[in-house]
Amino acid sequence: MRDIFLEQLSGAVRTIPNFPIDGVLFRDITPILTDYKMLIQTIDTIVLDMMNLDWDPDIIVGPEARGFIFGPLLSTKLGKGFVPIR
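Residue 52 in the working numbering sits at position 52 of the sequence shown, and the numbers go up by one each step.
Set out below in structure tokens:
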């Protein structure tokens with residue numbers, strides 16, 4: 001089931017070549033963010049992976065910009081604090 005979800009997740013991420021500059025492949029995660037169920041399942045999958053690795057951080061750190069989006073959701077699910085990093 002996890003593999004099926006990861007395949008769906010991969011299919012939801014759009015690749016935009018040469019944006020914002022030539023030679024860059026921009027990965028657009030907006031489709032994940034606009035689909036509530038996919039967003040929650042993404043966070044749940046990360047939490048499950050962390051549990052399987054027996055990884056229990058004291059705090060969640062999120063580098064900008066995507067870390068600012070996923071970090072607070074992850075920290076809330078884990079009952080941990082969140083620190084944004086620029």
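Think of the CB as a built atom: it goes at the ideal place given N, C-alpha and C, for glycine as much as any other residue.
Query: Does the distance from the CB of I43 to the CB of L73 come in under 8 Å?; Result: yes
Query: Output the residue ranges of the alpha helix (DSSP H) runs that lie fully inside the region 27-60 and measure 4 residues or longer, sorted by chain position.; Result: 30-34, 36-52
Query: Report all residues from its chain with a CB closer than 7 Å to the CB of S75; omit the five preceding and five following residues, and keep chain order.; Result: I60, G81, F82
Query: Please report the residue range of the beta strand (DSSP E) in which R14 lies.; Result: 14-17
Query: Is G81 helix, strand or coil when you go by DSSP?; Result: strand
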